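Shown next, in C-alpha cells, is the structure this report addresses.
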Amino acid sequence: MLFALMAATVPSTYSEQGLATTDSGEGSGSFEAGTGSTSDSAGLDGTGDADPAAGTDGAAVTGGGAAAGGTAGTPAESAGGGGGGGGGGPIAGQQPCADRPMQIPGDPYSPPCFEFSGDNGGATAKGVTPEEVIVSARILNEKGFQQTLATLAGADIVDGPEDVKRTIAALAEYFNSRMQFYGRKMSINFYNGKGAGTAELQGAGQAEAEADAITAAEEIGAFAEINGSSAPFADALARKKVIAFGTPYLSRKWHVDRRPYNWSVATDCSIIVESVGEFANQTLANKPAVLAGPGLKDKPRKIAAFSPENPWYIDCVDDAIRIAESAGNKVDQRVTYRLDIDSMSNQAASIITKMKSEGITTVLCGCDPIMPIFLTTKAAEQGYNPEWVVAGTALSDIDIVGQLYDQDQWSRAFGVSYLSSFLPIESGIGYSAYKSVRNDEPAFAVETIYSQMYMLALGIHMAGPNLTPETYEQGMFAYPGGTGPFGTWGFDSDSYTPTQDYRVIWWDPEAVSPMNSKRGAYIEAYDGRRFKKGELPASDQPPVFR
Numbered sequence: 003m004l005f006a007l008m009a010a011t012v013p014s015t016y017s018e019q020g021l022a023t024t025d026s027g028e029g030s031g032s033f034e035a036g037t038g039s040t041s042d043s044a045g046l047d048g049t050g051d052a053d054p055a056a057g058t059d060g061a062a063v064t065g066g067g068a069a070a071g072g073t074a075g076t077p078a079e080s081a082g083g084g085g086g087g088g089g090g091g092p093i094a095g096q097q098p099c100a101d102r103p104m105q106i107p108g109d110p111y112s113p114p115c116f117e118f119s120g121d122n123g124g125a126t127a128k129g130v131t132p133e134e135v136i137v138s139a140r141i142l143n144e145k146g147f148q149q150t151l152a153t154l155a156g157a158d159i160v161d162g163p164e165d166v167k168r169t170i171a172a173l174a175e176y177f178n179s180r181m182q183f184y185g186r187k188m189s190i191n192f193y194n195g196k197g198a199g200t201a202e203l204q205g206a207g208q209a210e211a212e213a214d215a216i217t218a219a220e221e222i223g224a225f226a227e228i229n230g231s232s233a234p235f236a237d238a239l240a241r242k243k244v245i246a247f248g249t250p251y252l253s254r255k256w257h258v259d260r261r262p263y264n265w266s267v268a269t270d271c272s273i274i275v276e277s278v279g280e281f282a283n284q285t286l287a288n289k290p291a292v293l294a295g296p297g298l299k300d301k302p303r304k305i306a307a308f309s310p311e312n313p314w315y316i317d318c319v320d321d322a323i324r325i326a327e328s329a330g331n332k333v334d335q336r337v338t339y340r341l342d343i344d345s346m347s348n349q350a351a352s353i354i355t356k357m358k359s360e361g362i363t364t365v366l367c368g369c370d371p372i373m374p375i376f377l378t379t380k381a382a383e384q385g386y387n388p389e390w391v392v393a394g395t396a397l398s399d400i401d402i403v404g405q406l407y408d409q410d411q412w413s414r415a416f417g418v419s420y421l422s423s424f425l426p427i428e429s430g431i432g433y434s435a436y437k438s439v440r441n442d443e444p445a446f447a448v449e450t451i452y453s454q455m456y457m458l459a460l461g462i463h464m465a466g467p468n469l470t471p472e473t474y475e476q477g478m479f480a481y482p483g484g485t486g487p488f489g490t491w492g493f494d495s496d497s498y499t500p501t502q503d504y505r506v507i508w509w510d511p512e513a514v515s516p517m518n519s520k521r522g523a524y525i526e527a528y529d530g531r532r533f534k535k536g537e538l539p540a541s542d543q544p545p546v547f548r
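Numbering (this note's numbering), first residue to last: 3 to 548.
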C-alpha cells in the first residue's frame, strides 16, 4: 500500500522501460496491478553495473558501534526464540573486515562489515538454499486508494507494474553485490495475487489474502514477502512462517504478537502516538487554541482524536488517550470512521457537524490520505476553522497530498512527521543505488522501495550464514543503527519498524514544494532537527507558522 500510494500521487516524467517478466497483468501501477495467480521469477545474479568490490559473495560489509545484548559487529549466532539484542560470539569462518569497519562505506545506515568463508549451512530454513534467499512480491489488480488520489491530484499512474518490478530487481541486484549474504543472493519472485489491497485495508478480503499467502509460502516457497502491505495478508504470512514487509502503521503489540515475521518501514502506530502524545502534552494541552481560525481562535483547546475504526488502529487510539490522561490531560472527543472511499464524503459531513457543535478546537488526525480531503472541504462549507494536527500517517505529511486539502483549512495544519525532508528524487539514496545498477529511471517510489528492501537485506546480512526467521530477528536487534535521510534507524525487542525519531512540521500554502514545483509545502520547525521520545523541548505553543 505504501508503494501504491506513493506511486499514485506523484506525477513523473520518467521513461517506461519494463523488466522482462512472463506475467501479463496490467493495472493501476506499483504492486497494485495484474490479474491471475501465476508467478514469475526474476532471479538476480548481479549482472548489471553494480560494483562487486563494494560487497558480497564472501566479501565485506560495514558496521561498528555497540548493539544491545550483543557484540558490536557480530551477527546472530544461532536460531532461537528471538527477543533480545543480537547473537553472541563470532561465527566460525567469519570475522570483521580487515579493510573497513562498515559494509557500504558512505552509507549512513550501513551495518558492520563481515568477511566470510566456508560452508553457509545450505538450506537453513524454508526459502533458503545454499545459493538463494527466495523472496516473493505480490502484484495486485488494485485501483482503489491510489487511483482516487491520482485522479484528485491530476496525476497519471506513472509507476506501472513493470516500473516497480524493474526497480525491485535493480535494488535486489544492488544489495546482492554489496551486502554480505554468505554465498547467497536474493531471488525475487513476482506473482499476481487474488487479493485487493483496499478491501484488506478495511479488514476484509481475508480469504483472498490467505490464498496469496499460500502462493507465497507453498508454491513459491518464500523466506520473505516484500509486499506484505495489509494486516490480513501480513497476518496470513506470519501463520505460514513467511517474513513480511510493509504492514501499514500497525501497533507494537500487533507486531510483537506475530514475531519474528512482520516488519515495515511504516512507523508503528504505538511509536506515533507516543510522539504525538508528547507533542500534544507539551505544546497543546491546557492552552488556548491560538492557531485556530475565526470562531475558535484563542478559545481553550478541546482536542478530538481521529482515526479509522479498524481494531488495530483503535488499539493505538486507546494508547493515545492513556498517554494524555497519564499527563493529567484529556482527549475531549474520540472520532472513528470507515475506510470506505464511497462513503467518506457523507461521513465527513456528519463528523464535522458533530465536532463543530461540541466546540472542538483541535483535530488530531491519524488519517488515511484521502479522508482529510473531505474533512477540510466540509469544514470550509460549514464555516468550521479548527487547528489540524498532523500525525505523520499514510503519506498525509507529504506535500503532494497536502496540496489536495482545502488550503485555507490546511493553513492551520501542523504536527509531526517521521519522513525525511523532501528533496528532488535525484537526491535520494535509493535513486543513487538504482542508478549504480541501471542507466534508465526507477519508479517514483524508489526511496520507499529501497528502504523496505534495505530492511530485508539488513537482516540477512546481520543474521549470519545460519539464516532462519529467528536469526533474522536476532540480527535486526543486533544492528547498531544509523542516522541519515530516513531519520534514525534501530530495532529492539518490541520495535519492528526502523524510524525512531520525528520532525515537527507545519503547512505553508504559499511555499513552493520541491516535490512538484507547485504551491503548498510542509515547512520544518526547529530548523529541521529530529527528536526521539523525551527530547522535544517544552514550549508554550508549537514553534510553527514563523
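From the three backbone atoms N, C-alpha and C, an ideal C-beta is built for every residue, glycine too. Because the structure is a prediction, the values reported are computed rather than measured.
Which same chain residues, not among the five before or five after residue i, have their C-beta less than 7 angstroms away from its C-beta?
i, result
"D496", "R254, V258"
"L425", "P516"
"P310", "T338, Y339, L341, D370"
"D510", "A523, I525"
"Q543", "T285, K289, V292"
"F376", "M346, S347, A350"
"T58", "Because T58 sits at a pLDDT of 38, beneath the cut-off of 50, its placement in the model cannot be relied upon, and the following sentence gives the value as read from the coordinates. So the qualifying residues of the chain are N178, S179, R180, M181, Q182, F183."
Taking the beta strand (DSSP E) that residue i belongs to, which residues open and close that run?
i, result
"D510", "504-514"
"F247", "245-247"
"A381", "That residue, A381, is in no beta strand (DSSP E); its alpha helix (DSSP H) goes 373-383."
"Q335", "335-339"
"G404", "Not the beta strand (DSSP E): G404 falls in the alpha helix (DSSP H), residues 401-404."
"A523", "521-526"
"M188", "187-194"
Cα separation between residue i and residue j?
i, j, result
"M455", "G404", "27 angstroms"
"G295", "S347", "23 angstroms"
"E133", "E512", "54 angstroms"
"I462", "G477", "8 angstroms"
"P388", "L298", "7 angstroms"
"N229", "D300", "46 angstroms"
"S352", "Q182", "55 angstroms"
"K534", "I274", "11 angstroms"
"D529", "Q502", "19 angstroms"
"G71", "A100", "In this prediction, G71 has a pLDDT of 32, which is less than 50 and means its spatial position is unreliable; nothing more can be read from the coordinates."
"S328", "S277", "14 angstroms"
"G27", "R521", "Low confidence applies here, because G27 scores a pLDDT of 35, under 50, leaving its location unreliable and the question unanswered by this model."
"W256", "K196", "24 angstroms"
"D442", "E164", "13 angstroms"
So, at 6 angstroms on beta carbons, what are the nonlocal neighbours of residue i in its own chain, with the 5 sequence-adjacent residues on each side left out?
i, result
"S43", "With a pLDDT of only 38 at S43, under 50, the local geometry of the prediction cannot be trusted, and the value read off the model is given with reservation. Same-chain partners within the cutoff: N191."
"E537", "none"
"A381", "I354, Q411"
"V319", "A307, S309"
"V333", "I305, A307, I323, A326"
"Q409", "P511"
"P545", "A527"
"T249", "A236, N264, S266"
Considering only their Cβ atoms, is the gap separating residue j from residue i smaller than 8 angstroms?
i, j, result
"L293", "F547", "yes"
"V137", "L458", "yes"
"M373", "V365", "no"
"I245", "A226", "yes"
"R532", "G489", "yes"
"I170", "I431", "no"
"I343", "G417", "no"
"G129", "G223", "yes"
"G207", "P467", "no"
"Y176", "A435", "yes"
"A465", "Y474", "yes"
What are the start and end residues of the alpha helix (DSSP H) that includes residue i?
i, result
"P163", "163-180"
"G430", "Careful: G430 lies outside any alpha helix (DSSP H) and carries neither H nor E."
"T450", "448-465"
"P471", "471-480"
"T285", "271-285"
"G230", "Unbroken run through G230: none, as it is neither H nor E."
"I216", "208-216"
Would you please state the rounded distance, in angstroms, between the beta carbons of residue i and residue j? I believe it to be under 8 angstroms.
i, j, result
"I316", "A282", "Their Cβ separation, rounded to whole angstroms, is 18 angstroms, which puts I316 and A282 out of contact at 8 angstroms."
"F493", "P500", "7 angstroms"
"L239", "A215", "5 angstroms"
"P360", "Q335", "Looking at the sequence itself, residue 360 is Glu, so the reference to Pro does not match. Contact holds; Cβ gap of about 6 angstroms."
"T363", "R303", "5 angstroms"
"S453", "V267", "5 angstroms"
"R140", "Y193", "6 angstroms"
"A211", "P234", "4 angstroms"
Tell me which residues share the same chain as residue i and place their Cβ nearer than 8 angstroms to its Cβ, disregarding the 5 neighbours each side in the sequence.
i, result
"S398", "C367, C369, D370, P371, P374, V392, G404"
"S423", "P487, R505, E526, G530"
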